[in-house]
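Worksheet for the structure shown next.
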Amino acid sequence: MSKPENTEIPGLDLADLRLKGFKVHAIPASTEVPVRAGRRDFYKMGFVDGDMTIDYGGRLLDIKGTVLFFVNPRVPHALVRRINRTSGYACIFTETFLNGRELQDSPLFRIGGNPVVALNAEQAIFMTSLFEKMLAVYESDYLYKGDLIRSSISLIIHEALRIQPAQATLTFRNGASRIAHLFTDLLERQFPIERSNEPLRLRSPHDYASHLTIHVNYLNRSVREITGRSTSAHIAARIIAEAKALLQHSDWSVAEISYALGFDYPAYFNNYFKRLTGSTPNSFRKV
Numbered sequence: 444m445s446k447p448e449n450t451e452i453p454g455l456d457l458a459d460l461r462l463k464g465f466k467v468h469a470i471p472a473s474t475e476v477p478v479r480a481g482r483r484d485f486y487k488m489g490f491v492d493g494d495m496t497i498d499y500g501g502r503l504l505d506i507k508g509t510v511l512f513f514v515n516p517r518v519p520h521a522l523v524r525r526i527n528r529t530s531g532y533a534c535i536f537t538e539t540f541l542n543g544r545e546l547q548d549s550p551l552f553r554i555g556g557n558p559v560v561a562l563n564a565e566q567a568i569f570m571t572s573l574f575e576k577m578l579a580v581y582e583s584d585y586l587y588k589g590d591l592i593r594s595s596i597s598l599i600i601h602e603a604l605r606i607q608p609a610q611a612t613l614t615f616r617n618g619a620s621r622i623a624h625l626f627t628d629l630l631e632r633q634f635p636i637e638r639s640n641e642p643l644r645l646r647s648p649h650d651y652a653s654h655l656t657i658h659v660n661y662l663n664r665s666v667r668e669i670t671g672r673s674t675s676a677h678i679a680a681r682i683i684a685e686a687k688a689l690l691q692h693s694d695w696s697v698a699e700i701s702y703a704l705g706f707d708y709p710a711y712f713n714n715y716f717k718r719l720t721g722s723t724p725n726s727f728r729k730v
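According to the numbering used here, the sequence shown is numbered sequentially starting from 444.
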């Protein structure tokens with residue numbers, strides 16, 4: 444499978460996005476939809492009208508008519524083909540801009556979930572008004588624009604869930620896509636960690652391969668083919684992300700966090716964390 448083209452999204456200033464945490468813009472008719480750029484470090488929410496096929500994490504999604512489309516940055520995505528010009532709006536935001544748990548818990552952004560919500564004419568009118576309002580506020584000098592846009596994003600997410608869309612027809616390109624999907628879904632289901640006395644069950648490629656009843660070599664080959672990263676790299680990145688969240692947002696001791704993440708001794712966790720982040724857990728917590 445070819446890798447998504449690393450094309451910039453027209454009109455998107457990445458430095459500005461990271462500074463403010465969000466951006467709202469209209470999709471020019473000649474632009475191929477704001478999911479072409481592939482995997483990045485921010486979430487996307489689009490209101491689009493068109494006829495196209497999207498490769499979303501190895502699954503082919505056929506999008507026809509007016510839809511809402513939600514993109515998880517952990518899922519590689521790319522436009523496969525487009526029949527007609529697309530139009531609409533897009534809202535792009537970092538995980539820190541919106542409540543991270545709200546994003547993680549939402550079926551719309553869940554890995555393996557259905558990110559497409561088809562809209563009827565009445566729903567399309569309502570969503571158009573919401574995105575137009577967000578765009579107007581984004582381009583204004585309103586002091587609390589971030590709060591207003593944050594509320595609008597939450598409203599759109601809840602309205603999309605209320606609509607209860609029919610499941611789109613999803614097709615895996617090949618066996619590797621299916622295995623990579625099963626792995627990433629299983630990886631995400633290990634988190635977040637809620638109790639310090641229940642250690643992480645799956646920590647190595649062998650653990651995941653055994654759980655999926657496949658050979659570890661097949662797992663490693665499939666994951667690298669589809670995502671471009673090794674199985675170990677995915678696991679390490681997710682463990683470090685959870686470690687940072689626990690260090691920042693819990694009162695657990697470093698020893699409790701290390702145990703919860705499956706390390707036998709705090710010293711092992713300290714060395715692991717420092718090797719991957721460049722700082723010790725205690726130093727990170729003090730920042």
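Cβ coordinates follow ideal geometry from the N, Cα and C atoms, glycine included.
According to DSSP, residues forming a beta bridge with residue i
| i | result |
| --- | --- |
| LYS487 | VAL514, ILE535 |
| ALA579 | ALA579 is not bridged to any residue. |
| SER530 | ASP492 |
| ARG525 | MET495 |
| HIS520 | TYR499 |
| ILE506 | MET495 |
| ALA561 | VAL510 |
Close beta carbons around residue i, own chain, < 7 Å, minus the five adjacent residues each side
| i | result |
| --- | --- |
| VAL730 | none |
| LEU690 | ILE700, PRO724, PHE727, ARG728 |
| VAL510 | VAL491, VAL559, VAL560, ALA561, LEU562 |
| MET577 | VAL467, CYS534, ILE592, SER595 |
| ALA679 | LEU719 |
| GLY705 | PRO642, LEU643, ARG646 |
| ARG600 | Per the sequence shown, residue 600 should be read as Ile rather than Arg. Only SER549, LEU551 meet the Cβ criterion. |
| ILE606 | VAL560, GLN566 |
| ASN713 | THR723, PRO724 |
| GLU575 | none |
| ALA564 | none |
| ASP498 | HIS520, ALA521, VAL523 |
| ALA698 | PRO709 |
| LEU546 | TYR486, GLU538, PHE552 |
Range covered by the beta strand (DSSP E) that runs through residue i
| i | result |
| --- | --- |
| VAL467 | 465–470 |
| VAL730 | Taken as a continuous stretch (DSSP letters only), VAL730 belongs to no beta strand (DSSP E), as it is neither H nor E. |
Anticipated Cβ contact below 8 Å, residue i with residue j, distance rounded
| i | j | result |
| --- | --- | --- |
| HIS520 | GLY500 | 7 Å |
| TYR486 | VAL514 | 6 Å |
| THR529 | VAL580 | Contact doesn't hold; Cβ gap of about 23 Å is too wide. |
| ARG525 | MET495 | 4 Å |
| LEU598 | LEU573 | 7 Å |
Extent of the continuous alpha helix (DSSP H) to which residue i belongs
| i | result |
| --- | --- |
| VAL659 | 659–670 |
| TYR702 | 697–703 |
| THR627 | 618–631 |
| LEU655 | Per DSSP, LEU655 belongs to no alpha helix (DSSP H) and is neither H nor E. |
| ASP590 | 588–606 |
| GLU637 | Looking at the DSSP string, GLU637 is not in any alpha helix (DSSP H), and its letter there is neither H nor E. |
| TYR711 | 709–720 |
| ARG681 | 674–692 |
Own chain residues within Cβ distance below 6 Å of residue i, not counting five before or after
| i | result |
| --- | --- |
| ALA619 | SER665, GLU668, ILE669 |
| PRO550 | GLY556 |
| ILE683 | LEU719 |
| ALA469 | TYR532 |
| GLU475 | Residue confidence is low: GLU475 scores 48 on pLDDT, short of 50, so the model does not pin down where it sits. Its coordinate-derived value is still stated next. Correct list, in chain order: LEU522, ARG525. |
| ASP505 | THR496 |
| LYS507 | ASP494 |
| THR612 | Reliability fails at THR612, whose pLDDT of 48 lies under 50, so the model's placement of it is uncertain and the value that follows must be treated cautiously. So the list is empty, once near-sequence residues are dropped. |
Cutoff 7 Å: residue i Cβ touching any chain D Cβ
| i | result |
| --- | --- |
| TYR651 | Here there is only one protein chain, and chain D is not present. |
Close beta carbons around residue i, own chain, < 8 Å, minus the five adjacent residues each side
| i | result |
| --- | --- |
| SER695 | It should be pointed out that residue 695 corresponds to Trp in this sequence rather than to Ser. Hits under 8 Å: SER639, LEU689, ALA703. |
| LYS588 | VAL580, TYR581 |
| ALA623 | GLY500, GLY501, SER665, VAL666, GLU668, ILE669, THR670 |
| ARG681 | LEU630, GLU631, GLN633, PHE634 |
| GLY430 | For the chain, the structure presents residues 444 to 730; residue 430 sits outside this window and is missing. |
| PHE626 | TYR651, LEU655, LEU662, SER665, VAL666, THR674, HIS677 |
| SER693 | ILE700 |
| TYR708 | SER701 |
| ASP584 | none |
| GLU685 | PHE634, PRO635, ILE636, LEU704 |
| PHE716 | ILE683, ALA686, SER722, THR723, PRO724, PHE727 |
| ILE657 | ILE622 |
beta-carbon residue i near the ligand MG non-hydrogen atom, thresh 6 Å
| i | result |
| --- | --- |
| ARG664 | This structure does not include the ligand MG; it has no bound ligands of any sort. |
Q. Would the stretch 520–540 and the stretch 652–664 be scored as touching if the rule is three or more Cβ pairs under 8 Å?
A. no
Q.
Can you confirm whether the stretch 633–648 touches the stretch 584–598 when touching is taken to mean that 3 or more C-beta pairs between the two stretches lie within less than 8 Å?
A. no
(Q) Quick test of the definition: if touching needs 3 or more C-beta pairs under 8 Å, does the stretch 552–567 touch the stretch 623–631? (A) The stretch 552–567 is in contact with the stretch 623–631.
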